[in-house]
Amino acid sequence: MTKTVTIAHGNGGEENNELIKKIFYKHFENDILAKSEDAAVIEDGKLAFTTDSFTVSPLFFPGGDIGKLAVCGTCNDLAMMGAKPKYMTCSVIIEEGFSTRELEKIVKSMKTELEINGAIVVSGDTKVVPKGAVDKLFINTTGIGQIEHKGITASGLKEGMSILVSRDVGAHGATIFAAREGIELASSLQTDCASLYPQVKALIDAGIHIVAMRDATRGGVSAVLNEWAKSSDVCVEVTEESIPVQEEVRGICEMLGFEAVDLANEGTFVLCVEKADEAKALDVLQRTHTTSTVIATISEQHKGKVILNSSWGTKRFLDLPTGELLPRIC
Amino acid sequence: MCLSIPSKVVKISDDKTMCTVDTMGVQRDANLMMMDDEDIVIGDYVLLHIGFVMNKIDEDEALASIDTYREILEVLDEDDKKRAILEDDECEARGEQYAQEIKS
Amino acid sequence: MGLELKHLYDNFRDGDTIKAYAKIIAEDAKKLKKPINIMEVCGGHTHTIMKFGLPQLLPDNVNFIHGPGCPVCIMPKERIDHAYVLSMQPDVILVTLGDMIKVPGSNGSLQDARAKGSDVRFVYSPMECIKIAQENEDKKVIFFAIGFETTTPMTAVLVEQVIKQKISNIFFHINHVTVPEVMVELIDSRDVHVDSYNNQIDAFLGPSHVSVISGSKIYDKFPKDYGRPVVVTGFEPVDAMQGISMIVKQFVEERCEMEVQYKRVVNHDGNLKAQALIEKYFEKMSLFRWRGLGNVPDSGLKLREEYRDYDAEVLYKDVLPIAEIEDHKLCICGDILRGMAKPQECTIFGTACKPTTPIGSCMVSSEGACAAYYKYGNLI
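Protein chains in written order, with the numbering used here: chain E, 146 to 475; chain P, 17 to 120; chain H, 410 to 789.
Shown next, in the form of structure tokens:
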């Protein structure tokens with residue numbers, strides 16, 4: 146562990162895991178926490194409980210804003226545990242001088258997303274801090290949901306199962322990079338930020354047994370697959386050319402030296418089902434996004450690792466992303 | 017090598033110091049100060065590196081390379097077909113079936 | 410058929426073409442009199458080779474020796490320390506390219522410096538320095554310039570604009586290095602303490618974009634004076650396979666030549682305007698230390714005397730450390746770079762020296778031989 150916290154510790158990858166384990170888990174140790182799922186399952190499997198903080202910059206980006214992100218982020222964490230989002234809290238830390246008009250715009254976005262999830266905000270807190278103490282606006286949300294599909298866990302993957310992705314990947318991360326100051330790109334690319342509960346409900350209603358499910362936020366699809374491979378001690382074998390990526394996301398990745406599977410998503414999830422359920426699950430998912438597809442299968446080849454199989458017969462490991470994602474020259 | 021990517025020029029500034037390039041639907045501005053004034057026109061394919069146009073891509077050479085690859089694939093395809101036929105002719109199991117077919 | 414942008418990507422990454430070249434190389438390699446070792450000089454080629462799994466497609470008698478990697482990772486520790494020290498100076502904004510962020514010096518990396526409160530900014534293009542300088546007129550913006558010949562002319566353009574626009578608060582710390590000199594050093598070192606006679610490099614896969622700037626003329630001497638073929642190759646996997654195929658054919662046909670595979674952008678003369686810009690603002694330093702290799706004569710650049718007012722190394726010479734910092738005595742990067750040892754033979758490989766705690770240049774670079782073996786080792 147380094148002596149001071151660095152930006153990399155917030156990246157959702159290796160350093161982040163290290164920080165969480167060595168400081169937080171060490172002292173907060175308990176069985177529920179140790180599971181490290183998207184949301185905690187409490188009260189004997191009846192409820193899902195989660196929290197998240199949002200510090201995205203810029204606050205407004207093509208297809209969304211920090212408010213939409215906050216509601217989607219938390220409600221999606223609940224949906225990923227098979228729970229219907231019901232109640233939320235909303236705490237904000239506002240920098241002195243922030244525009245009240247922009248604040249209302251953000252809150253209105255949150256309202257729209259809450260309606261899609263069928264959830265309500267029941268408690269909150271507001272703090273205003275001096276200029277410079279936060280970067281314009283930070284939002285923290287917690288959510289409680291009622292579990293409708295039990296048993297979703299990262300440690301249940303077995304050989305022969307199929308992994309699907311709900312739509313093309315990397316759109317959110319690519320959009321944020323394109324919108325940031327200093328990298329001026331003009332494209333029609335939008336974030337994929339969206340509430341996932343409707344799709345989860347459709348899967349449950351179709352009678353599909355969901356083995357594992359997780360939205361691919363920080364660290365992208367790469368982070369999810371690696372976590373699953375480790376938690377279940379299996380090998381995730383990805384067919385590289387099957388990973389769906391929009392042309393424009395590809396363009397941004399080429400320009401800046403990124404891989405689409407490492408980029409964050411805010412409305413895309415990865416799903417693991419039994420092989421027998423694969424066709425039905427694909428059918429359900431494709432009703433929302435035609436780009437949804439099967440990307441991987443589970444084997445025992447290199448346990449705990451993710452392998453990318455190329456279309457010309459070579460393989461390589463897909464590792465957990467490390468460090469800060471920055472454009473490179475080399 | 018250094019990360020450089022092919023892009024298409026879609027706009028050039030009046031003073032010819034900057035241009036706009038397009039890479040798979042993503043557009044960004046690029047600096048033209050490493051190129052001579054008359055070198056680049058709209059529609060050209062160029063190589064981009066850290067925000068600068070480094071060089072123009074020679075379309076004829078690019079097409080020539082693509083042709084070479086097509087020829088190689090065709091030749092190998094032919095070879096594969098010939099080999100498949102040869103293996104088929106020499107296939108013992110097929111010989112038996114053939115003999116049976118003649119009998120019936 | 411007209412050329413479209415997607416052809417420039419898709420056709421040079423086509424799986425069937427890659428497999429086709431694998432077959433051609435395998436056939437030709439049967440006629441090789443002895444195994445050959447090809448060095449890909451530039452980290453970008455190492456990246457392509459590893460990412461697309463090309464070693465898995467080659468026969469046993471065609472091998473890679475991974476070259477020095479990226480231009481940052483070959484920088485000696487004392488120069489990385491310069492970046493750290495400069496970033497800590499009062500009223501300084503240190504600007505550099507993203508590759509510099511994690512490279513560790515004696516006190517830490519620039520990432521660590523930023524965590525301690527210094528103003529370090531990573532940019533996509535050197536020209537962003539101008540906006541930073543205009544928005545922070547009371548600060549000194551120091552551009553820590555890195556890169557091979559590909560990136561050097563861009564720094565030259567920035568120098569020119571700083572002078573033309575009379576910007577008084579931008580300074581430069583130049584760490585540009587050149588490629589042909591290190592290629593010579595690897596196969597024919599002038600350093601009496603270095604054993605370069607036993608190097609195993611038989612041929613070079615020439616860097617793609619260095620050559621766009623400098624032209625393929627810089628490699629003419631390798632077949633002529635050093636008996637090593639050079640094939641200047643593009644960075645897509647089909648380019649790499651075609652380049653390797655051309656090298657294998659040279660050995661089979663007993664030729665030793667400089668050839669260009671990357672014809673769509675590389676010609677003999679290169680980008681003359683870029684070369685003139687480099688010539689105008691920079692000159693060669695007689696000695697520049699490369700991490701893992703020691704001094705490589707004439708391989709480093711610095712600002713010309715008449716521009717010393719913009720040179721951060723001159724301005725801050727009182728605080729910049731000059732003592733040379735040797736690599737760990739167990740580090741054998743020098744031998745690995747010459748093909749005389751493999752990463753697994755290093756006693757600290759994978760234990761004390763790994764990507765999160767790199768000790769030598771081959772591990773610092775994500776494209777260095779050791780980093781590549783660490784990451785892909787089991788599957789190669």
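For each residue, glycine too, the CB sits at the ideal point set by N, CA and C.
Please report the straight-line C-alpha distance between G424 (chain H) and V418 (chain E), rounded to a whole angstrom. Taking the first residue of the third sequence as position 1, residue 424 (chain H) is located at position 15. Taking the first residue of the first sequence as position 1, residue 418 (chain E) is located at position 273. Approximately 29 Å, taken between the alpha carbons.
Please confirm whether D423 (chain H) has its beta-carbon closer than 9 Å to some beta-carbon of chain P. Numbered from its first residue, the third sequence carries residue 423 (chain H) at position 14. Answer yes: the Cβ-Cβ gap between D423 (chain H) and chain P drops below 9 Å somewhere.
Taking the straight line between their C-alpha atoms, what separation do you get for E90 (chain P) and F68 (chain P)? As a first step, residue 90 (chain P) must be located in the second sequence, where it is residue number 74. As a first step, residue 68 (chain P) must be located in the second sequence, where it is residue number 52. Distance between the alpha carbons of E90 (chain P) and F68 (chain P): 38 Å.
How many whole angstroms separate the CB atoms of T559 (chain H) and L710 (chain H), which I take to be in contact at a CB cut-off of 8 Å? Taking the first residue of the third sequence as 1, we reach residue 559 (chain H) at position 150. Taking the first residue of the third sequence as 1, we reach residue 710 (chain H) at position 301. About 13 Å; that fails the 8 Å criterion.
Short of 7 Å in beta carbon distance, which residues of its chain neighbour S300 (chain E), apart from the five on each side in sequence? Order them along the chain. Within the first sequence, numbered from 1, the residue matching residue 300 (chain E) stands at position 155. So the qualifying residues of the chain are S376 and S377.
Starting from N454 (chain E), follow the beta strand (DSSP E) in both directions and report where the run begins and ends. Indexing the first sequence from 1 puts residue 454 (chain E) at position 309. That run of the beta strand (DSSP E) goes V451 to N454.
Straight-line CA distance for V37 (chain P) to H65 (chain P)? Reading the second sequence from its first residue, position 21 is the one you call residue 37 (chain P). Reading the second sequence from its first residue, position 49 is the one you call residue 65 (chain P). Taking the straight line from one Cα to the other gives about 12 Å.
Contact set between the region 438-468 of chain E and chain H, restricted to residues whose Cβ is under 8 Å from the partner: H447, I452, S455, S456, W457, G458, T459, K460, R461, F462, D464, T467 and G468
CA-CA distance, M146 (chain E) and E163 (chain E)? If you number the first sequence from 1, residue 146 (chain E) lands on position 1. If you number the first sequence from 1, residue 163 (chain E) lands on position 18. Their backbone Cα atoms lie some 7 Å apart in a straight line.
Counting contacts by CB-CB distance shorter than 9 Å, is A431 (chain H) in contact with chain E? Taking the first residue of the third sequence as 1, we reach residue 431 (chain H) at position 22. It does; some Cβ of chain E falls within 9 Å.
Between V42 (chain P) and chain E, is the shortest Cβ-Cβ distance under 9 Å, so that the two count as touching? In the second sequence, residue 42 (chain P) corresponds to position 26, counting from 1. At least one chain E Cβ lies under 9 Å of V42 (chain P).
Give the range of the beta strand (DSSP E) segment to which T505 (chain H) is assigned. The residue you call residue 505 (chain H) lines up with position 96 of the third sequence. First-last of the beta strand (DSSP E) with T505 (chain H): V501 to L506.
Under the rule that 16 or more other beta-carbon atoms within 10 Å means buried, what is E182 (chain P), buried or exposed? Within the shown structure, residues of chain P are numbered from 17 to 120, placing residue 182 (chain P) beyond reach of any answer.
With a CB to CB cut of under 6 Å and the five nearest residues on each side skipped, what residues in its chain are close to H737 (chain H)? Against the third sequence, residue 737 (chain H) aligns to sequence position 328. Taken in chain order, the residues that qualify are I768.
Which one of H:V588, H:N516, H:F580 and H:K672 has the shortest CA to CA distance from V723 (chain H)? For the purposes of this step, residue 723 (chain H) is identified with residue 314 of the third sequence, where counting begins at 1. Ranking H:V588, H:N516, H:F580 and H:K672 by Cα distance to V723 (chain H) puts H:F580 first.
Where do the ends of the beta strand (DSSP E) carrying D464 (chain E) lie? Reading the first sequence from its first residue, position 319 is the one you call residue 464 (chain E). Unbroken run through D464 (chain E): none, as it is neither H nor E.
Can you tell me where the beta strand (DSSP E) with I583 (chain H) in it begins and where it stops? The residue given as residue 583 (chain H) occupies position 174 in the third sequence. Note, I583 (chain H): beta strand (DSSP E), I579 to H585.
T459 (chain E) burial status per 10 Å Cβ neighbour count (16 or more: buried): As a working note, residue 459 (chain E) is residue 314 in the first sequence. Buried, by the Cβ-count rule.
C-beta atoms of L453 (chain E) and E385 (chain E) nearer than 9 Å: Within the first sequence, the letter at position 308 stands for residue 453 (chain E). Within the first sequence, the letter at position 240 stands for residue 385 (chain E). Yes; because the gap between Cβ atoms is below 9 Å, this pair is in contact.
Can you name the start and end residues of the alpha helix (DSSP H) that M592 (chain H) belongs to? By one-based count along the third sequence, residue 592 (chain H) stands at place 183. M592 (chain H) -> alpha helix (DSSP H) spans V588 to I596.
How many angstroms separate the CA atom of N545 (chain H) from the CA atom of Y170 (chain E)? The sequence position of residue 545 (chain H) within the third sequence is 136, counting from 1. The sequence position of residue 170 (chain E) within the first sequence is 25, counting from 1. If I take the Cα positions, the gap works out to 42 Å.
Please decide whether N420 (chain H) counts as near chain P, where near means a Cβ-Cβ distance under 9 Å. Mapped onto the third sequence, residue 420 (chain H) falls at position 11. Yes - at least one Cβ of chain P is within 9 Å of the one on N420 (chain H).
Name, please, each residue of chain P whose Cβ falls closer than 9 Å to the Cβ of H416 (chain H). On the third sequence, position 7 is the one that residue 416 (chain H) refers to. Within 9 Å Cβ-Cβ: A78, L79 and I82.
Quick one: using the 10 Å Cβ neighbour count with 16 as the cut-off for buried, is S598 (chain H) buried or exposed? Along the third sequence, one-based indexing puts residue 598 (chain H) at 189. With 16 or more Cβ atoms within 10 Å of its Cβ, S598 (chain H) is classed as buried.
So with Cβ pairs under 9 Å, would you call I427 (chain H) a contact of chain E? Residue 427 (chain H) sits at position 18 when you count from the first residue of the third sequence. I427 (chain H) counts as touching chain E.
For Y232 (chain E), the first and last residue of its enclosing alpha helix (DSSP H): As a working note, residue 232 (chain E) is residue 87 in the first sequence. First-last for Y232 (chain E): A228 to E240, but that is the beta strand (DSSP E), not the alpha helix (DSSP H).
From the DSSP output, in three-state form, read off E776 (chain H) for me. In the third sequence, counting from the first residue as 1, residue 776 (chain H) sits at position 367. In the structure shown, E776 (chain H) sits in coil (DSSP, three-state: anything other than H, G, I, E or B).
Run the CB neighbour count on L463 (chain H), radius 10 Å, all protein chains shown included, and call it buried at 16 or more, exposed below. Reading the third sequence from its first residue, position 54 is the one you call residue 463 (chain H). Label assigned to L463 (chain H): buried.
Are any of the Cβ atoms in chain E nearer than 9 Å to that of A542 (chain H)? For the purposes of this step, residue 542 (chain H) is identified with residue 133 of the third sequence, where counting begins at 1. So no, A542 (chain H) is outside the interface.
7 Å Cβ cut-off: residues of chain H touching I28 (chain P): Sequence index remark: in the second sequence, residue 28 (chain P) carries index 12 (1-based). Result: empty, since nearest Cβ-Cβ is about 17 Å, beyond 7 Å.
F421 (chain H) classed as buried or exposed, judged by whether at least 16 other C-beta atoms fall within 10 angstroms: As a first step, residue 421 (chain H) is located in the third sequence; it is residue number 12 there, counting from the start. Counting Cβ neighbours within 10 Å, F421 (chain H) comes out buried, since at least 16 surround it.
Three Cβ pairs or more, each shorter than 8 Å: is that satisfied between the region 334-347 of chain E and the region 209-221 of chain E? yes
Cβ-based neighbour list, L334 (chain E), same chain, cut-off 8 Å, excluding 5 preceding and 5 following: In the first sequence, residue 334 (chain E) corresponds to position 189, counting from 1. Taken in chain order, the residues that qualify are P207, A316, A319, T320, A323, Q391, E393, V394 and I397.
Please tell me whether R530 (chain H) has its Cβ less than 9 Å away from any Cβ of chain P. Counting from 1 along the third sequence, the entry for residue 530 (chain H) is found at position 121. Not closer than 9 Å to any Cβ of chain P, the Cβ of R530 (chain H) fails to qualify, so no.
Grouping DSSP H, G and I as helix and E and B as strand, with all else coil, what is D210 (chain E)? Numbered from 1 along the first sequence, position 65 holds the residue referred to as residue 210 (chain E). Strand.
Report yes or no: is there a C-beta of chain E within less than 9 Å of the C-beta of I21 (chain P)? In the second sequence, the residue the question calls residue 21 (chain P) occupies position 5. With 9 Å as the cut-off, I21 (chain P) counts as an interface residue toward chain E.
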